[in-house]
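Numbering (full-length UniProt numbering), first residue to last: 1 to 766.
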């Protein structure tokens, strides 16, 4: 409904309330709207009456009495607007009409119905000097605290100034508008009769015996007499809700000690008869019980800062009151900000009972919190329970981790929480160690996947638990691996997970071995299935040839023999060794064979050509002065072979250059390695192509002197290897190459100083 025209009629006045367009309740006289006060957004209820000549007297009387009568039990009137000739507004505190459709549910708790009747009776008791005259279903409303209150004073008149004729006229007009029947027009008994009818209307089923007798005799009693008899009845006095309500409605005028007495009485009532707090009137829990309980708990929290944890201290009283609050809020799914503050503040307390209680109810109320509230205000204090000295507290905190994980930040989950779980996995208590594995399994899907972090963490957790001396953690680890199979990729399974499960196959417990075997096969089957898919997807798969590694080892020995058999040097005409005549002569024509190559990288590849005499060495290769013996010059092994001891010289023979370098196996032993009284060095001969003489190389160290001697012999003598020990000397066969007489330069080396600079070219790691 648009109230613009109505408000414009109120000259020079702006209506201070916002009103909804649709009424929440309507009677022949009033329309009821929800509204808010513009200044502070306080919820209000607006009663609007469309005035007419027939109802104007009733509307004006109701407005006037609402201004002057201020007693508990009536709708608290904030403002009235009756200057407009067409409409009248009465603004009250927020109330809701009594839901008569829900009467059956309310009657499931008879004590709650009796409490409502007592509240109406108390209101009428304050109005005994007035004649109300119109108590009915349409007169009952419920305020923000769940109290039953009255609205509608259209017929109300003071008994001391009662105009009987006017009262009867208004009574007939009212019943005509409302469509109700006139039971009596006697001002002395009308209210008692209406109260009796109201009790029978709201109390479905049989009335209590003592009330039934009173209601049947209501026509003979005045209102004051009827109310007095009701209050003195056993039904009234035995109703615990009525008793606690009488204390709660006056709690605001009590001191802290008396307030605590009221809370203790409420606590006893709740734990002795919890069903009394079911099916209460709307707003009773939200508006009356919870606010008073929260206020008392906050006072206790402030008081405990200066007192220790004793039986009489505030902390011991917090737990039962907190339990009532959490139970009531979860039952009606109502969790206001004041309850949140209680929850946050109680988590900071060191009292284990309080924290334990919060953990019990956390699963029921977690959805009432935002992610920031849980991660910022709850988790920092919640996590301390994992390090509590009491094992029961640690275990209960551990069990609730899956509930809190979805609300944590990435840092809290993958850093702080995992640190606590790493400690609980080695906890002295078996149950805590077992639950740690189960919790890690449950939260594994929430862990970070970056850089294989999740797989590494889970593998570590399960590996540790499989080594636990107790069987329960070991079985829990196998269960966790079973549940987590979909979280691991194939590579992780092959590289890590199978090695995690494998020790379980040798477990001393047969049950663990059996489960480990089944689990191992499960992971292995997944691995084989993936391998089969890879084989099917690879259409260009190259067939692999198997290798006989027994023969492979023999080929390695053949390689060395081939290498040694193809070392060729020139020898004098008169053989040094007696068995020189057995030297093969099939290579005598190969005067240009090259003993070493310039490329060390292709050395082992060339030995694959077994049928070639020179193993792929180019006979016509041009010799340069930068001769490379094919061995690494790195002297990291301190063999001192890369010094001036390795001398190269030009030997002129038939116009070709023959580089002479120190052999790779020379001076392997620092002991005396002389033959025929001289320090001969093993050399390699490389025949040049050009006929002009050239110097192959110079001495590597200027301090060392080399003597080049000439001989008339046409061959060159070389010692292939020397013995490593003084007692061991081996002489290798050498090859003879017939050449024309050449000039030979003999190279001598200074006496060994105890340090051999020779480098064998093997890597240090070998």
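Ideal Cβ positions, reconstructed from N, Cα and C, are used throughout, including at glycine.
Is there contact here, the stretch 36–56 with the stretch 118–135, by at least three beta-carbon pairs under 8 Å? no
Give the DSSP-derived three-state secondary structure of residue 420 in the structure shown. helix
If residue 396 and residue 359 are in contact, beta carbons under 8 Å, what's the gap, nearest whole angstrom? 5 Å
If you draw a straight line from the alpha carbon of residue 366 to that of residue 403, how long is it in whole angstroms? 8 Å
Determine the closest residue to residue 148 out of 299, 387, 280, with distance taken between C-alpha atoms. Nearest C-alpha to residue 148: 280.
C-beta atoms of residue 450 and residue 408 nearer than 8 Å: no
Candidates 332, 122, 187, of which the one nearest residue 160 by Cα: 187
Are there 16 or more other CB atoms within 10 angstroms of the CB of residue 780, so buried, or fewer, so exposed? Outside the shown range of the chain (1 to 766) lies residue 780, about which nothing can therefore be said.
Can you check which of these residues, 330, 255, 382, is closest to residue 299 by C-alpha distance? 255
Can you give the Cα-Cα distance for residue 19 and residue 33, rounded to whole angstroms? If I take the Cα positions, the gap works out to 7 Å.
Among all the DSSP beta bridges, which residues are the ones paired with residue 131? Note: residue 131 sits in a beta bridge opposite 157.
In chain order, what residues of the same chain have a beta carbon less than 7 Å from the beta carbon of residue 242, not counting five sequence neighbours either side? Result list for residue 242: 114, 115, 118, 236, in chain order.
If you check the beta carbons only, do residue 156 and residue 195 fall under 8 Å apart? No, Cβ-Cβ distance for residue 156 and residue 195 is not below 8 Å.
CB of residue 47 within 8 Å of CB of residue 151, strictly: yes
For residue 436, name the three-state secondary structure that DSSP assigns. helix
Short Cβ contact (8 Å threshold) for residue 427 with residue 394: yes
I need the boundaries of the alpha helix (DSSP H) containing residue 405, first residue and last residue. Unbroken run through residue 405: none, as it is neither H nor E.
Can we say the stretch 349–358 touches the stretch 331–341, given the rule of at least three CB pairs closer than 8 Å? no
Rounding to the nearest angstrom, what Cα-Cα distance links residue 22 and residue 31 in this structure? 9 Å
Report buried or exposed for residue 483, applying the criterion of at least 16 other Cβ atoms within 10 angstroms of its Cβ. exposed
Which stretch, first to last residue, makes up the alpha helix (DSSP H) that contains residue 111? 110–126
I think residue 480 touches residue 518, with their Cβ atoms under 8 Å apart; what is that distance to the nearest whole Å? About 14 Å; that fails the 8 Å criterion.
Distance, residue 93 Cα to residue 437 Cα: 56 Å
If we ignore side chains and look at the alpha-carbon of each, how far apart do residue 507 and residue 548 end up? 37 Å
Close beta carbons around residue 289, own chain, < 7 Å, minus the five adjacent residues each side: 328
What are the boundary residues of the beta strand (DSSP E) that residue 148 is part of? 148–150
If you draw a straight line from the alpha carbon of residue 176 to that of residue 49, how long is it in whole angstroms? For residue 176 and residue 49, the distance between alpha carbons rounds to 16 Å.
Using the C-alpha atoms, what's the distance from residue 465 back to residue 425? Computed Cα separation, rounded: 8 Å.
By DSSP's criteria, residue 44 is part of a beta bridge. Which residues make up the other side? Answer is 35, 93.
Please name the residue in 317, 324, 303, 401 whose C-alpha comes closest to that of residue 272. 324
Reduced DSSP category for residue 354 - H, G, I as helix; E, B as strand; rest coil: helix
Between the C-alpha atoms of residue 222 and residue 183, what's the straight-line distance to the nearest angstrom? 15 Å
Residue 477 to residue 386 span [Cα, whole Å]: Separation of residue 477 and residue 386 (C-alpha to C-alpha, rounded to the nearest whole angstrom) is 20 Å.
Distance, Cα to Cα, residue 837 vs residue 532? Nothing can be reported for residue 837: it is not among the residues displayed for the chain, which extend from 1 to 766.
Is residue 530 helix, strand or coil when you go by DSSP? Under the three-state reduction of DSSP output, residue 530 falls in the helix class.
Taking the Cβ atom as the reference point for each residue, do residue 234 and residue 210 lie within a distance shorter than 8 Å? yes
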